[in-house]
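Undergrad: Pasting a structure below so you can have a look.
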Amino acid sequence: MTIELTDDQRQALDAQPDEPVQVVDPRTQQEYVLLRADLYARLKGFLGEEQENAQQKTWLEAATKARRAWVQDNPY
Numbered sequence: 028m029t030i031e032l033t034d035d036q037r038q039a040l041d042a043q044p045d046e047p048v049q050v051v052d053p054r055t056q057q058e059y060v061l062l063r064a065d066l067y068a069r070l071k072g073f074l075g076e077e078q079e080n081a082q083q084k085t086w087l088e089a090a091t092k093a094r095r096a097w098v099q100d101n102p103y
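Each residue of the sequence shown is one higher than the one before, starting from 28 at the first, in the working numbering.
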C-alpha cells in the first residue's frame with residue numbers, strides 16, 4: 028500500500044534528506060519512521076543477513092553439540 032506524503036512530512040524530509048524522520052500517530056501515540064525506499068531496502072537486506080547469520084550460528088552450535096555427544100558415546 029502506498030500513500031502520499033503530507034506537506035509537513037515532505038518539509039521534514041526536505042529539511043534532513045539523509046536522515047529518517049520520526050512521526051507520531053496523534054490518535055495512538057505510536058511512533059513511526061519515514062525513510063527513503065532505497066534506504067529501507069538496504070536495511071531490510073542487512074536485517075535479513077543478520078537473521079540468516081543467527082540461524083547459521085544456531086545450526087553450528089547444534090552440530091557441534093551433536094558431534095561432541097557422538098565423540099563421548101563413541102570413544103576411539
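We put the CB at the ideal spot given by N, CA and C, even for glycine. In this text, all values refer to a predicted model and were calculated from it rather than measured experimentally.
(1) Can you tell which of L62, Q57, P53, Q78 has its C-alpha closest to the C-alpha of L32?
(2) Using C-beta distances below 6 Å, list every residue in its chain close to L40, excluding the 5 sequence neighbours before and after it, in chain order.
(3) Tell me whether the beta-carbon of Q36 lies closer than 8 Å to the beta-carbon of V51.
(4) Quick check on L87: does DSSP put it in helix, strand or coil?
(5) Could you spell out where the beta strand (DSSP E) holding L61 opens and where it closes?
TA: The answer reads as follows:
(1) If you number the sequence shown from 1, residue 32 lands on position 5. Checking every option, the nearest Cα to that of L32 belongs to L62.
(2) Locating residue 40 in the sequence shown gives position 13, where the first residue counts as 1. These residues qualify, in order along the chain: V48.
(3) Stepping through the sequence shown from its first residue, residue 36 is reached at position 9. Stepping through the sequence shown from its first residue, residue 51 is reached at position 24. Contact: no.
(4) In the sequence shown, the residue the question calls residue 87 occupies position 60. It is helical.
(5) Here residue 61 refers to the residue found at position 34 of the sequence shown. It spans 58–61 - the beta strand (DSSP E) in which L61 sits, taken as one unbroken run.
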